[in-house]
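As given, the protein sequences belong to chains A and B, one line each in that order.
Mapping to my numbering: the first sequence position 161 is 161, numbers consecutive.
Mapping to my numbering: the second sequence position 147 is 441, numbers consecutive.
Think of the CB as a built atom: it goes at the ideal place given N, C-alpha and C, for glycine as much as any other residue.
Number of protein chains: 2
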Amino acid sequence: MKKALAIDVGGTKIYSAIIDETGKILSEIEKHATPKTLEEIRLTFKNIIKKYESEVDIVAFSTCGEVNNENTKIVGSTGNIAKEYPTLNFSSLSTKPVFVENDANCAAWAEYKIGASKGTSTSVMVTFGTGVGGGIIINNRLFKGKSGAAGAMHFKMYPDKRRKCTCGGWDCFEIYTSGLGLTKTAIEISKNPNITTYDIFDGVKKQDSQMLEIYNRWHRDIIAGFIGLANLFDPECIVLSGSLAQFVDTESVEQKVNEEIVTAPTKIYKATAGNYSGMIGAALLAFEKGELHG
Amino acid sequence: MKKALAIDVGGTKIYSAIIDETGKILSEIEKHATPKTLEEIRLTFKNIIKKYESEVDIVAFSTCGEVNNENTKIVGSTGNIAKEYPTLNFSSLSTKPVFVENDANCAAWAEYKIGASKGTSTSVMVTFGTGVGGGIIINNRLFKGKSGAAGAMHFKMYPDKRRKCTCGGWDCFEIYTSGLGLTKTAIEISKNPNITTYDIFDGVKKQDSQMLEIYNRWHRDIIAGFIGLANLFDPECIVLSGSLAQFVDTESVEQKVNEEIVTAPTKIYKATAGNYSGMIGAALLAFEKGELHG
Chain A
1 MKKALAIDVG
11 GTKIYSAIID
21 ETGKILSEIE
31 KHATPKTLEE
41 IRLTFKNIIK
51 KYESEVDIVA
61 FSTCGEVNNE
71 NTKIVGSTGN
81 IAKEYPTLNF
91 SSLSTKPVFV
101 ENDANCAAWA
111 EYKIGASKGT
121 STSVMVTFGT
131 GVGGGIIINN
141 RLFKGKSGAA
151 GAMHFKMYPD
161 KRRKCTCGGW
171 DCFEIYTSGL
181 GLTKTAIEIS
191 KNPNITTYDI
201 FDGVKKQDSQ
211 MLEIYNRWHR
221 DIIAGFIGLA
231 NLFDPECIVL
241 SGSLAQFVDT
251 ESVEQKVNEE
261 IVTAPTKIYK
271 ATAGNYSGMI
281 GAALLAFEKG
291 ELHG
Chain B
295 MKKALAIDVG
305 GTKIYSAIID
315 ETGKILSEIE
325 KHATPKTLEE
335 IRLTFKNIIK
345 KYESEVDIVA
355 FSTCGEVNNE
365 NTKIVGSTGN
375 IAKEYPTLNF
385 SSLSTKPVFV
395 ENDANCAAWA
405 EYKIGASKGT
415 STSVMVTFGT
425 GVGGGIIINN
435 RLFKGKSGAA
445 GAMHFKMYPD
455 KRRKCTCGGW
465 DCFEIYTSGL
475 GLTKTAIEIS
485 KNPNITTYDI
495 FDGVKKQDSQ
505 MLEIYNRWHR
515 DIIAGFIGLA
525 NLFDPECIVL
535 SGSLAQFVDT
545 ESVEQKVNEE
555 IVTAPTKIYK
565 ATAGNYSGMI
575 GAALLAFEKG
585 ELHG
């Protein structure tokens, strides 16, 4: 059975593991802090790859940032990682083939192959963490668009420039429903500039009325966005992943979304492929690479 | 060369023509008023088909309403046509094979095969008329979703229930940017309950400041929606069709959309496949039917 060395690259951590064609993790998970400079990041990759490449058939990156359709390089910016990171020449890192894909796309693929959207042919996955990521499967293929960036969860919640998004645009779904967006909403409602997402979810548990108001506003915004996604993509399901997914009341979201859409009812699921779905999806995509495009 | 009898079904008019595999219209365009009852609509179809079916290989309907993935029947509601229309058994109308597709999807396919998006593989078409329709091509296929309704332009412009949409939902792109939506905006701004889209476009020509305000608001809303579509679908182009497309300043829309998106720049084009793009697209889709799904 083929094996991949999977490497997950985020703004704060780099994980690696060896993964087989069934998505099974065969090794310990190795964990590194993401270094500040491109040169140190490259060195970290080189060290991991040197250690494991003889054991595997392919090196598969799940990375922050959108990735081109050839799965060789990052296109566009990547948020909180070294500014020069997108210039990295991934294929030069190993003597084995190197495959690169966006982390949300990898996670969506893992859910589709072994997780919550297994058995469907068209699904949307949304990750709620510090930011919001998206990965879309259409007719059993990862949907990449013309440049590889399809599925960016930057559609507007308002047309009239209220809240600047980290992407440089205005009022994106991300800047209302991500951890950062939720915190901004919480500060607006509570007038407490130091409020954290922990305060909110803890307050909800204690039935604090203001924290409930913030929590309900967050749900309203998630539902509003999901109605649009359901009408545009008519998916069999929408899968929620990321650190904040556990706090979403999926039952209520599914009911309210389905009450308002013009397409047939969709299911709303929480992700089930686990914390390392990015690495698993990267490995499984890398194995199928030849079938992906066109 | 194969020929199709194409029939375009709208709330007010039914058109028909014979169309060949290149999209060429071979006959006079026949035009009927859309009758009020299902029985009369069926009779109109029967008469058209009886007259021409011996000359063609297939009957291809371009119709209001979303159509299932088997291209045999309408799913969901259809607005301003007989309420029972979706129950029509299309295949019983002819001894020849009958193919049915949504009119916006047909028009999108015509643009893709012989019009503005020819040569691209991923594009979004938006029709601006009394309502707003959408048709999306992904990797050279019409994107239908799980039930056939994908591409419904019902994503929200606001999350907080301001304007009820004809679909039953709230604040959809359609209810701000369609002819009806534009009129609603115009009434809000002008306080004139009798204002028409003609007044607006005529006023813009005369540089009337209030009509310009309404026109600019319409553009702001179109741009806001297109930014979301460009980020979600990363299309090579967005094509504008429908009776209001001629009034859209596509150059300014393209510039403002590309200033704000996170994906690579997209092109904004006006449709070029002509007034009968629905019939042409229906015929061309019907000829390719076997290649469409899966």
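C-alpha distance - residue i paired with residue j, whole-angstrom precision
i	j	result
B/Val361	A/Leu26	46 Å
A/Gly119	B/Ile508	48 Å
B/Ile481	B/Gly373	23 Å
A/Val56	B/Ala539	55 Å
A/Ser117	A/Gly281	13 Å
A/His293	A/Ile74	Caution is warranted here: a pLDDT of 41 is assigned to A/His293, below 50, making its placement in the model unreliable, and no coordinate value can be reported.
A/Tyr198	B/Asp454	26 Å
A/Pro86	A/Ala271	28 Å
B/Ser386	B/Thr366	10 Å
A/Asp208	A/Ala108	35 Å
B/Ala567	B/Ala446	21 Å
B/Gly305	A/Lys3	58 Å
A/Thr250	B/Thr479	35 Å
B/Glu378	B/Glu333	9 Å
B/Phe495	B/Phe467	20 Å
A/Leu232	A/His32	39 Å
A/Asn69	A/Tyr112	19 Å
B/Cys459	A/Ile189	29 Å
A/Tyr300	A/Glu254	Residue 300 of chain A lies beyond the stretch modelled for chain A, which goes from 1 to 294, so this question has no answer here.
A/Arg162	A/Gly169	11 Å
B/Thr560	B/Ile532	7 Å
A/Arg217	B/Lys345	59 Å
Element boundaries [beta strand (DSSP E), containing residue i]
i	result
B/Phe495	Premise fails: B/Phe495 lies in the alpha helix (DSSP H), Thr491 to Lys499, not in any beta strand (DSSP E).
A/Phe61	Ile58 to Thr63
B/Leu337	No beta strand (DSSP E) holds B/Leu337; the alpha helix (DSSP H) holding it covers Leu332 to Tyr346.
A/Ser16	Lys13 to Asp20
A/Ala33	Glu30 to Ala33
Counterpart residues of residue i in DSSP-defined beta bridges
i	result
A/Phe128	A/Val132
A/Cys297	This structure cannot settle anything about residue 297 of chain A, because the visible part of chain A is limited to 1 through 294.
B/Lys458	B/Trp464
B/Leu299	B/Ile312 and B/Val353
A/Glu66	A/Val75
A/Phe349	Residue numbering for chain A in the displayed model covers 1 to 294; residue 349 of chain A lies beyond these limits and cannot be assessed.
A/Arg141	A/Ile138
B/Ile319	B/Ile313
Endpoints, alpha helix (DSSP H) assigned at residue i
i	result
B/Ile481	Gly473 to Ser484
A/Val253	Thr250 to Glu260
A/Leu88	It is not in any alpha helix (DSSP H) - A/Leu88 carries neither H nor E in the DSSP assignment.
B/Tyr406	Asp397 to Ile408
A/Ser277	Ser277 to Leu292
Contact belief for residue i with residue j at Cβ below 8 Å, rounded distance in angstroms
i	j	result
A/Ile8	A/Met279	In the sequence on display, residue 8 of chain A carries Asp and not Ile. Their Cβ separation, rounded to whole angstroms, is 5 Å, which keeps A/Asp8 and A/Met279 in contact under 8 Å.
A/Thr95	A/Glu28	Between A/Glu28 and A/Thr95 the Cβ distance is about 23 Å, and since that is not below 8 Å, they are no contact.
B/Ile352	B/Phe393	6 Å
A/Leu285	A/Glu101	5 Å
A/Gly225	A/Thr177	7 Å
Chain-order list of residues whose beta-carbon lies under 6 Å from that of residue i (same chain, five-residue window excluded)
i	result
B/Gly475	Ile469
B/Gly497	Met505
A/Gly242	Thr127, Phe128 and Gly129
A/Lys256	Ile223
A/Asn105	Gly135 and Leu142
A/Cys167	His154
B/Thr331	Ala376
Sequence-distant residues of the same chain with beta carbon closer than 7 Å to residue i, five excluded per side
i	result
A/Pro35	Ile41 and Thr44
B/Asn433	Ser415 and Thr416
A/Ile48	Ile7, Ser16 and Glu30
B/Gly409	Ala565, Thr566, Ala567 and Ser571
B/Cys358	Val303, Gly304, Gly305, Thr372, Gly373, Ile375 and Asp397
B/Lys583	Asn365 and Phe393
Chain-order list of residues whose beta-carbon lies under 8 Å from that of residue i (same chain, five-residue window excluded)
i	result
A/Ala264	Asp234
B/Lys340	Leu387
| task | Residues of the segment 514 to 545 of chain B with a CB closer than 7 Å to any CB of chain C: list them in chain order, please. | result | No chain C appears in the structure shown, which is made up of the protein chains A and B.
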